[in-house]
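Structure first, commentary second.
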Amino acid sequence: MIEKSSPVCCIVCEQPRHEGISILDEFICDDCERSIVRTPVEDKKYSFFVTQLSRIWLNLQGSTPGT
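Residues 1 to 67, numbered by the UniProt record's numbering, are exactly what the sequence shown covers, in order.
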């Protein structure tokens with residue numbers, strides 16, 4: 001877990017947060033991390049998480065979603 005001195009925008013909820021994890025230079029807040037881990041595949045939120053997390057890979061490739 002990382003605690004930031006100033007808020008960082010979570011790639012999932014897009015809200016500024018202080019605590020969370022970094023994956024490939026992208027920040028995921030503690031609340032979203034917990035929700036992702038506990039969400040079953042059948043849940044409607046699952047596809048939202050997949051979409052948001054795919055932004056990590058798109059950003060790594062220098063692309064933006066929808067382009």
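In this text, a Cβ means the ideal position worked out from N, Cα and C, and glycines have one as well. Keep in mind that this is a model prediction, so the values were computed, not measured.
Apart from the five residues on each side of it in sequence, which residues of its chain come closer than 7 Å, Cβ to Cβ, to residue i?
i: glutamate 42; result: none
Under 8 Å by Cβ, that's how I've got residue i and residue j pegged, so tell me the actual separation to the nearest angstrom.
i: threonine 39; j: phenylalanine 49; result: 6 Å
i: residue 82; j: isoleucine 21; result: The structure shown does not extend to residue 82, since the chain is modelled only from 1 to 67, so the question has no answer here.
i: aspartate 52; j: valine 12; result: Residue identity differs from the one stated: residue 52 is glutamine in this sequence, not aspartate. Confirmed, Cβ separation roughly 4 Å.
Below 8 Å between beta carbons: does that hold for residue i and residue j?
i: glutamate 19; j: cysteine 29; result: yes
Fully enclosed by the segment 20-66, which alpha helix (DSSP H) runs are 4 residues long or longer?
Scanning the segment 20-66 from its first residue to its last, the whole alpha helix (DSSP H) runs of 4-plus residues come out as 30-38, 45-60.
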